[in-house]
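Encoded as structure tokens, the structure appears first; notes follow it.
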Amino acid sequence: MSNSTIAYVKVSIAMSIVGSFVVVNKFILEQIPIFLASELRLLIASLILLPMFYRKERRFPTLYKKDAFVLLVQSFVGIFLFSVCLLYGLQYTSAVESGIVLSCTPAAMGVIAYVFLKEKLGVAKISGILLTILGTISINVFGIISTNSISFSSIFGNFLILCAVIGDAIFFSFGKLLSKAWSPLAISTALSIIGAILFLPLAIHDSLSIDFSQISISVWLLVFYTAIIVTILAVILMNQGLKVIPASVASVFTALTPITTILLSSLVLKEDIYWYHILGMGFVVLGIIVLTRTNEKSVGMNVVKTDEAKL
87 MSNSTIAYVK VSIAMSIVGS FVVVNKFILE QIPIFLASEL RLLIASLILL
137 PMFYRKERRF PTLYKKDAFV LLVQSFVGIF LFSVCLLYGL QYTSAVESGI
187 VLSCTPAAMG VIAYVFLKEK LGVAKISGIL LTILGTISIN VFGIISTNSI
237 SFSSIFGNFL ILCAVIGDAI FFSFGKLLSK AWSPLAISTA LSIIGAILFL
287 PLAIHDSLSI DFSQISISVW LLVFYTAIIV TILAVILMNQ GLKVIPASVA
337 SVFTALTPIT TILLSSLVLK EDIYWYHILG MGFVVLGIIV LTRTNEKSVG
387 MNVVKTDEAK L
């Protein structure tokens, strides 16, 4: 098996793992409150990343004001608010629709880069953004038309997921502003620690209202899965793949994330998949492909190195 083939396999596995995150959290939230679940995920990840970081780099780079500001924005918007909006959104909408809306992140990054970072948008990127927006709108509009009823709960849940997407996009876009002295491992470790600190007060409050002995072993295993497999392993595989194949090529594989989410939602959660879900996913996947096939500088994949801390 060639190195490029192995790289494609690694990237495919990484994106599929990320796609499982939404479905896994559906099970976790049945027994563990939102803030405590997020705290456990980030705390476990931090305890694993710290020894790895110390062994490879020993100490963090000099923290300048600009880097400190960027890290704080990423931690608060891209980790704290992202997790809150995502996990609360999952309580109101299906994992299927969540996966479709979440896959609009590349389009949101393009818009934010244009508005705040003054990056140019070519025809391909504008087309990709419009396609992903069309996909998101279609699952809500056609869902209402097909059922002849308005599910305010689902619409509100999708709105929260969209807010998570915006936080995600800000997270990635701001990551481009960090100085080059910050390695992927240093960024991931720092953001995991800051994220754990942000969630700690609310996690303590959550812990007072639950009986830890009632949490099943399977849910504990899923918590460790989100911390180790989703939060760390997925991006290790992604970064290894990016050493062999171009980011512009690897980024096409982000389309596997919503596909994995939808398939797992149907197989594991037994959620129904309707024609408008397929239509919406089709628009979004096409938009992702259009966005990432352009030769223009990619907004999203340049900062994939920081993804593990956000998740």
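Residue numbers (this note's numbering): 87 to 397.
Glycine included, C-beta positions come from ideal geometry on N, C-alpha and C.
Just curious, the alpha helix (DSSP H) that Leu264 is in, first and last residue?
Taken as a continuous stretch (DSSP letters only), Leu264 belongs to no alpha helix (DSSP H), as it is neither H nor E.
Of the choices Gly196, Ala210, Ile301, Phe245, whose alpha-carbon is the least far from that of Thr222?
Among Gly196, Ala210, Ile301, Phe245, the Cα nearest to that of Thr222 belongs to Phe245.
Helix, strand or coil, according to DSSP, for Leu136 in the structure here?
Looking at Leu136 - three-state DSSP - the assignment turns out to be helix.
Let me know the secondary structure DSSP gives Thr312 once reduced to three states.
Thr312: helix per DSSP, three-state reduction.
Counting pairs of Cβ atoms below 8 Å between the stretch 311 to 324 and the stretch 97 to 111, do you hit three or more?
Verdict: yes, contact present.
Go ahead and label Trp361 buried or exposed: buried means 16 or more other beta carbons lie within 10 angstroms of its beta carbon, across all protein chains shown.
By the neighbour-count rule (16 or more Cβ atoms within 10 Å), Trp361 is not buried but exposed.
Please return the same chain residues whose Cβ sits closer than 6 Å to the Cβ of Ser352, not counting the five positions on each side in sequence.
Once the five neighbours on either side are set aside, the close Cβ partners of Ser352 are Ile359.
Taking the straight line between their C-alpha atoms, what separation do you get for Phe310 and Ile301?
Taking the straight line from one Cα to the other gives about 13 Å.
Tell me where the alpha helix (DSSP H) around Pro119 begins and ends.
Pro119 -> no alpha helix (DSSP H), and no H or E assigned at all.
Of all the alpha helix (DSSP H) runs that stay within the bounds of the stretch 190 to 229, which reach a length of 4 or more residues?
As far as the stretch 190 to 229 is concerned, its whole alpha helix (DSSP H) runs of at least 4 residues are 191 to 202.
Would you mind stating whether Ala276 and Met195 have Cβ atoms separated by less than 7 Å?
Against a cut-off of 7 Å, the Cβ pair of Met195 and Ala276 comes out as no contact.
At the level of alpha carbons, what is the spacing between Leu217 and Leu133?
Their Cα atoms are separated by approximately 40 Å.
For the alpha helix (DSSP H) containing Gln326, list its first residue and its last residue.
Run containing Gln326: 320 to 328, per the alpha helix (DSSP H) assignment.
How many Å lie between Gly229 and Ser239 at the Cα?
When rounded, the distance between both Cα atoms is 13 Å.
Measuring CA to CA, which of Phe257, Pro344, Leu355 is closest to Val156?
Out of Phe257, Pro344, Leu355, Phe257 has the C-alpha closest to the C-alpha of Val156.
Please report how far the alpha carbon of Ile326 lies from the alpha carbon of Ser278, in whole angstroms.
Checking the displayed sequence, the identity of residue 326 turns out to be Gln instead of Ile. Each residue's Cα considered, the two are about 21 Å apart.
Considering only residues of the same chain and omitting the five flanking positions on each side of Val32, which have a CB-CB separation below 7 Å?
Residue 32 is absent from the model: the chain starts at 87 and stops at 397.
Tell me where the alpha helix (DSSP H) around Met87 begins and ends.
Premise fails: Met87 is in no alpha helix (DSSP H) and is neither H nor E.
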